[in-house]
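Line order of the protein sequences matches chains C and X.
Numbering of the first sequence is given in our numbering, commencing with residue 146 and proceeding in unit increments.
Numbering of the second sequence is given in our numbering, commencing with residue 23 and proceeding in unit increments.
Just so it is clear, CB atoms sit at the ideal spot from N, CA and C, and this is done for glycine as well.
Input: a single structure, listed below in structure tokens.
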Amino acid sequence: LKLILKSNKDAAQKAVLITLLAPELPTTDAIGALLDEALLDADPLVQVAIMDAWFEMTGDKYYEKNGNLEKILKKAARMGDGGEQLYMAARVALGRMNGLSMDSLDKQGDGELVITAQALKRRGALKIANEITVIIHGTWASDGTWWRPNGDFFEYVKTELGRSDLYGKPDQFKWSGKNRDDKRLEAGIELDKWLRSHLAHEVNVFAHSHGANVAMLATRKGIRIDRLIMLSPPVRSDYFAKWENVGKAYNIQASFDPVVAIARGGNSFKDEGVNVVKEKTLKASGHSASHDPEVWQTEKLAEFIELPSLGL
Amino acid sequence: VSPASAVELIRALGSADNQERAEAAIKLGQQKVSRALPDLRALSSDEDAVVSLAAMFACWQLGEDRIAIDRIFSALNSEDEALMQQAVHTVSAIGRPLVPKLKPFLDHAPEIAISALRLLEEIGGSEALDAIKATRSTDPEVSALVDEILEDWEDEP
């Protein structure tokens, strides 16, 4: 819920997600406080979703006691063009609270405008995963194998590190791998979108080389990465993450890496004044060492990143 | 760099250890130790591709413009991903001065022309764009790549 509320999604997307999430939310004081706080400065469409979510969760018209939904409904009606979606959402929510059936509400709707009603109908269709782990390749490695299912590092993370949540479906995230700033920026935006369409309560990312910079750029778009494990990233301040969107960050560098040396990058965040990244220099050398399962075993990198195993 | 460390780095160019040679080459280039140029020039034909590329890059940093494109091509087509990435980053770091050197390869066999096209795309800029547009190969794979690059080309990649 926090993720949704803080995200950069537009109000309509947030409203749908809140509506979909409502049946899964516990009715705790913490959730109530979160909704209270969110309601203060939310877009009216999100406010409607919050009020409706609370009703869904508790059967209590708490937020409606002051006629808030009616006020929004009237305001939306006055807005004319552009207020249709808000009007429909408020009407659907108010109707539900007053015991109207979903079918009768839909019949009053107008095509796409019944987005919230449609979302309500899909309740239960969306399951938010507890955790997701993804691997992001680096420059000119979109055709590589190590980061895909059956690739050595992929299988190592899945089986040896016990990350059964490692994402390996055909729509696994990949980017062009082109060695250009604009392409990395583009990839950061795409990764942000990808992670938002693969919602999970906790996000773990292993990212190699400039893939780590892509992941950091994605956090600037608002997505949160709980564990960002950067493998041989060329460390450049122009790519730094929005650190408040990163839980724990790790930087694993080879003892000597010609690629990092040539790629206009440093190898330490501390050298750039960033102290939130836990760093380790390997005994092994070379740009691929940091995603070599053998190196992971001999240099005990699983212990370094403190990533718990989910079991097989 | 102090004279003593420069001497040590130059000495390391003769090490039996590939990593030491490559590391010394890169450091000498970064620290602009121009008296290392003759040794670096010799090292640019080292049998180890990582060392050879590192030495070439160092030579370029010291003002030498004899870049062995064939070495870069072979690294680019290597199955060793790290070596391939080293080649790409070397080309990107050197950038536009490589465009005239790459142009003649656009008329070579398709696999060479494809490598040259991909490198020109990495380098970017109007000169690279003109070179890509002037590709004369009629090979379908080369033509398809030219179309793909031009389609993807933004104002100033």
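C-beta neighbour in chain C for residue i, strict 9 Å
{"i": "Phe79(X)", "result": "yes"}
{"i": "Gln41(X)", "result": "yes"}
{"i": "Ile32(X)", "result": "no"}
{"i": "Glu86(X)", "result": "no"}
{"i": "Leu75(X)", "result": "yes"}
{"i": "Gln107(X)", "result": "yes"}
{"i": "Glu163(X)", "result": "no"}
{"i": "Ile48(X)", "result": "yes"}
{"i": "Asp61(X)", "result": "no"}
{"i": "Glu45(X)", "result": "yes"}
{"i": "Gln53(X)", "result": "no"}
{"i": "Val29(X)", "result": "no"}
{"i": "Val208(X)", "result": "Outside the shown range of chain X, which is 23 to 179, sits residue 208(X), and nothing can be said about it."}
Coil, strand or helix - residue i by DSSP
{"i": "Asn349(C)", "result": "strand"}
{"i": "Gln398(C)", "result": "strand"}
{"i": "Lys252(C)", "result": "Residue confidence is low: Lys252(C) scores 49 on pLDDT, short of 50, so the model does not pin down where it sits. Its coordinate-derived value is still stated next. Lys252(C) falls in the helix class under three-state DSSP."}
{"i": "Leu190(C)", "result": "helix"}
{"i": "Gly36(X)", "result": "coil"}
{"i": "Thr426(C)", "result": "strand"}
{"i": "Lys393(C)", "result": "strand"}
{"i": "Leu373(C)", "result": "strand"}
{"i": "Glu335(C)", "result": "helix"}
{"i": "Glu444(C)", "result": "coil"}
{"i": "Thr278(C)", "result": "strand"}
{"i": "Val419(C)", "result": "coil"}
{"i": "Val189(X)", "result": "As displayed, chain X neither begins before 23 nor continues past 179, which places residue 189(X) out of reach and without an answer."}
{"i": "Gly356(C)", "result": "helix"}
{"i": "Gly177(C)", "result": "helix"}
{"i": "Gly322(C)", "result": "coil"}
{"i": "Gly204(C)", "result": "coil"}
{"i": "Leu344(C)", "result": "coil"}
{"i": "Glu30(X)", "result": "helix"}
{"i": "Gly411(C)", "result": "strand"}
{"i": "Leu311(C)", "result": "strand"}
Residue i: CB within 8 Å of a non-hydrogen atom of the ligand PLP
{"i": "Ala104(X)", "result": "By its list of ligands, the structure shown contains no ligand whatsoever, and the ligand PLP lies outside what it can speak to."}
Rounded separation between residue i and residue j - CA only
{"i": "Glu45(X)", "j": "Asn153(C)", "result": "44 Å"}
{"i": "Gly147(X)", "j": "Ala235(C)", "result": "53 Å"}
{"i": "Gly411(C)", "j": "Arg381(C)", "result": "7 Å"}
{"i": "Leu311(C)", "j": "Gln317(C)", "result": "10 Å"}
{"i": "Ala80(X)", "j": "Leu344(C)", "result": "46 Å"}
{"i": "Glu305(C)", "j": "Asp152(X)", "result": "50 Å"}
{"i": "Leu146(C)", "j": "Ile163(C)", "result": "7 Å"}
{"i": "Ser74(X)", "j": "Ile280(C)", "result": "31 Å"}
{"i": "Ser14(X)", "j": "Gln108(X)", "result": "The displayed coordinates of chain X run from 23 to 179. Any statement about residue 14(X) would go beyond what the structure contains."}
{"i": "Asn213(C)", "j": "Tyr395(C)", "result": "47 Å"}
{"i": "Leu98(X)", "j": "Gly333(C)", "result": "25 Å"}
{"i": "Trp379(C)", "j": "Arg329(C)", "result": "Rather than Trp, the amino acid found at residue 379(C) in this sequence is Pro. Their Cα atoms are separated by approximately 13 Å."}
{"i": "Leu170(C)", "j": "Leu455(C)", "result": "23 Å"}
{"i": "Lys216(C)", "j": "Glu331(C)", "result": "41 Å"}
{"i": "Arg57(X)", "j": "Ala76(X)", "result": "17 Å"}
{"i": "Leu258(C)", "j": "Asn324(C)", "result": "Confidence at Leu258(C) is low in this model, with a pLDDT of 35, below 50, so its placement is unreliable and the value that follows should be read with caution. If I take the Cα positions, the gap works out to 43 Å."}
{"i": "Val405(C)", "j": "Ile136(X)", "result": "25 Å"}
{"i": "Leu239(C)", "j": "Leu218(C)", "result": "9 Å"}
{"i": "Arg441(C)", "j": "Ala34(X)", "result": "With the sequence shown as reference, residue 441(C) is identified as Trp, and Arg is not the correct amino acid for it. Their Cα atoms are separated by approximately 29 Å."}
{"i": "Asp416(C)", "j": "Val422(C)", "result": "11 Å"}
{"i": "Met78(X)", "j": "Asp297(C)", "result": "32 Å"}
Residue i at chain X interface by Cβ criterion, 9 Å
{"i": "Phe298(C)", "result": "no"}
{"i": "His432(C)", "result": "yes"}
{"i": "Trp285(C)", "result": "yes"}
{"i": "Arg462(C)", "result": "In the structure displayed, chain C extends from 146 to 457; residue 462(C) sits before or after that span and is not available."}
{"i": "Val404(C)", "result": "yes"}
{"i": "Ala360(C)", "result": "no"}
{"i": "Ile407(C)", "result": "yes"}
{"i": "Trp291(C)", "result": "yes"}
- prompt: Which ranges does the alpha helix (DSSP H) cover as unbroken runs of at least 4 residues, wholly within the segment 84–163 of chain X, from first to last along the chain?
  reply: 91–98, 103–116, 121–124, 132–145, 148–155
- prompt: Which of the residues in the segment 143–157 of chain X, read from start to end, lie with their CB under 9 Å from any CB of chain C?
  reply: Glu143, Glu144, Gly146
- prompt: Mind listing which residues of the segment 112–141 of chain X have their C-beta closer than 9 Å to chain C's C-betas, in chain order?
  reply: Thr112, Val113, Ser114, Ala115, Arg140
- request: Check distances from the C-beta atoms of the segment 331–355 of chain C to those of chain X and list, in chain order, the residues that come in under 8 Å.
  value: Ser354
message: If the cut-off is 9 Å on Cβ atoms, which residues from the segment 91–107 of chain X count as contacting chain C, listed in chain order?
response: Leu98, Asp102, Glu103, Ala104, Leu105, Met106, Gln107
query: Which of the residues in the segment 383–404 of chain C, read from start to end, lie with their CB under 9 Å from any CB of chain X?
result: Across the segment 383–404 of chain C, CB contacts with chain X closer than 9 Å involve Ser400, Phe401, Asp402, Pro403, Val404, in sequence order along the chain.
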